[in-house]
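By the UniProt record's numbering, the letter at position 174 of the sequence shown is numbered 174, and the numbering carries on one by one without gaps.
Note sheet for the following structure.
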Amino acid sequence: MIDCPSCGEDEELRGVALGDGRRQITYESCGHSWTRGTSTRIVASPASSRNITPATSASCGPRWDDEPVVATLNREAPNLGASGPDGVPMSFVPRREPVWNVGDPVQTNRVFSYVVVHDTGFSPNPFHGLLTLACCKPLIRKTANVGDIIVGLSSRSERVVYATQVAGVISFEEYWADPTYRSRRPIIDSPQIVYRAGDNIYEPVAGGYRQLPSFHSNRDGSEDAELKRTDLSGNHVLVCERFTYWGRSGPALPEELQFLAVGRGHRSNFSADQIDTVARWFADLPGGVLGAPAQWKAGDQSWRET
1 MIDCPSCGED EELRGVALGD GRRQITYESC GHSWTRGTST RIVASPASSR
51 NITPATSASC GPRWDDEPVV ATLNREAPNL GASGPDGVPM SFVPRREPVW
101 NVGDPVQTNR VFSYVVVHDT GFSPNPFHGL LTLACCKPLI RKTANVGDII
151 VGLSSRSERV VYATQVAGVI SFEEYWADPT YRSRRPIIDS PQIVYRAGDN
201 IYEPVAGGYR QLPSFHSNRD GSEDAELKRT DLSGNHVLVC ERFTYWGRSG
251 PALPEELQFL AVGRGHRSNF SADQIDTVAR WFADLPGGVL GAPAQWKAGD
301 QSWRET
């Protein structure tokens with residue numbers, strides 16, 4: 001297992017010989033690649049091999065001056081409280097009242113920490129009353145269980161982007177079929193970014209899945225095979241009801257939680273005392289979306305879910 005220099009995942013490697021004597025190395029989970037040999041250099045990651053310009057070096061979303069993307073879709077963003085074509089409500093209003101209060105004790109056996117390299121509102125997606133992790137971070141999605149706490153940090157681990165506790169671990173089939181998650185399907189040509197950022201992007205079809213036009217597809221709406229492989233390799237979608245998402249306005253990582261700091265990949269090997277410290281801190285956090293993602297169109301207020 002070696003850290004990918006592009007996204008920080010702990011990865012298995014596979015290599016392909018090139019005609020000039022070098023080898024192209026591809027990371028199994030994330031799909032990023034580089035070459036080594038006499039002319040070793042970093043080559044384009046999936047983001048730059050697609051017809052889409054990364055948003056502040058992100059691969060999980062377009063630049064906000066790309067207006068609109070996927071023009072052939074021709075769908076307008078629904079009004080608040082409107083229904084989708086299948087009759088399922090698409091309101092921003094959470095469908096359930098929180099079943100917890102600030103200060104309620106939190107019990108957990110494991111904590112994950114990692115750097116949110118691309119904070120676009122897509123992965124994680126904290127909108128519509130839930131926080132979900134359906135794309136990227138396949139190793140976390142493979143291994144996380146109900147009750148685990150996940151803490152996402154900024155690029156140098158100096159700030160907290162979000163913190164959450166896993167409430168459900170479901171399959172991509174369940175995520176697609178359950179009407180609860182219908183509002184999380186992307187409308188990629190919407191003028192409101194919150195609708196573009198939907199992460200419920202894998203529709204079950206005969207023999208596999210269809211990738212919806214989304215922050216992980218090509219700019220013309222066609223599938224990005226590498227990102228699709230990465231996402232589906234994680235097997236599961238993590239659904240969280242109790243969460244705090246700060247985005248770009250996150251607080252400094254508290255001194256007592258400095259052990260969560262991580263350079264690449266993720267960390268989950270913490271002592272029982274450290275896990276208890278995280279649980280006590282998490283129990284006192286306010287809930288909901290408290291700030292816009294770091295990579296978000298200026299002036300767009302749809303993240304507020306009003």
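Note that beta-carbon positions come from the ideal geometry of N, C-alpha and C, so glycine has one too.
Only a predicted model underlies this, so the values are computations on that prediction, with no experimental measurement involved.
Problem set entry | Same chain, Cβ closer than 6 angstroms to R75, five either side skipped, listed in chain order | Confidence in R75 is poor, its pLDDT being 38 and thus under 50, which makes the residue's placement unreliable; the coordinate value appears in the next sentence. I187, listed in sequence order.
For this session: From the DSSP output, in three-state form, read off V116 for me.
Result: coil
Exercise. Tell me the DSSP bridge mates of V236?
Worked result: The question names Val, yet the displayed sequence has His at residue 236. Looking at the DSSP assignment, H236 forms a beta bridge with S171.
For this session: For W176, collect the residues of the same chain with a Cβ closer than 7 angstroms to its Cβ; drop the 5 residues on either side in sequence, then sort them by chain order.
Result: N200, Y202, E203, P204
Exercise. Buried or exposed: where does D224 fall if 16 or more other Cβ atoms within 10 Å of its Cβ makes it buried?
Worked result: buried
Exercise. Apart from the five residues on each side of it in sequence, which residues of its chain come closer than 7 angstroms, Cβ to Cβ, to A292?
Worked result: G247, R248, W303
Exercise. Does the count of Cβ pairs from the region 235-254 and the region 214-223 closer than 8 angstroms reach three?
Worked result: no
Exercise. Counting along the chain, where does the beta strand (DSSP E) carrying L131 start and finish?
Worked result: 131-133
Exercise. Roughly how many whole angstroms lie between the Cα atoms of residue 307 and R264?
Worked result: Residue 307 cannot be examined here, being either before or after the span of the chain that is shown, 1 to 306.
For this session: Can you tell me which of the three DSSP states R185 falls into?
Result: coil
For this session: Leaving out five residues on either side along the sequence, give the residues of the same chain with a beta carbon under 6 angstroms from the beta carbon of F270.
Result: V111
For this session: Less than 8 angstroms between the CB atoms is what I'm expecting for residue 308 and Y209, so what's the real figure, rounded?
Result: Beyond the ends of the chain as shown, which are 1 and 306, falls residue 308; an answer cannot be given.
For this session: Would you decide whether Q258 is buried or exposed? Buried here means 16 or more other CB atoms lie within 10 Å of its CB.
Result: exposed
Exercise. Which of the three DSSP states, helix, strand or coil, is assigned to L290?
Worked result: coil
Problem set entry | Where V151 falls: helix, strand or coil (DSSP) | strand
For this session: Please look up how many angstroms separate the CB atoms of residue 326 and F243, rounded, as I've assumed it's under 8 angstroms.
Result: Outside the displayed span of the chain (1 to 306) sits residue 326, for which this structure offers no information.
Exercise. Nearest to R267 by CA position, among I140, N218, T164, is which residue?
Worked result: I140
Exercise. Nearest CA to the CA of Q165: which residue from V289, F172, D284, V151?
Worked result: V151
Problem set entry | Residue interval of the alpha helix (DSSP H) (run including F243) | From DSSP, F243 is part of no alpha helix (DSSP H) but of the beta strand (DSSP E) over 242-245.
For this session: Have a look at D104, K228, D276, V99 and flag the residue whose alpha-carbon is nearest the alpha-carbon of K137.
Result: K228
Exercise. Per DSSP, what kind of secondary structure is E203 in: helix, strand or coil?
Worked result: strand
Problem set entry | Beta-ladder partner(s) of H266, from DSSP | Y114
Problem set entry | Inter-residue Cα distance where the pair is T230 and H216 | 10 angstroms
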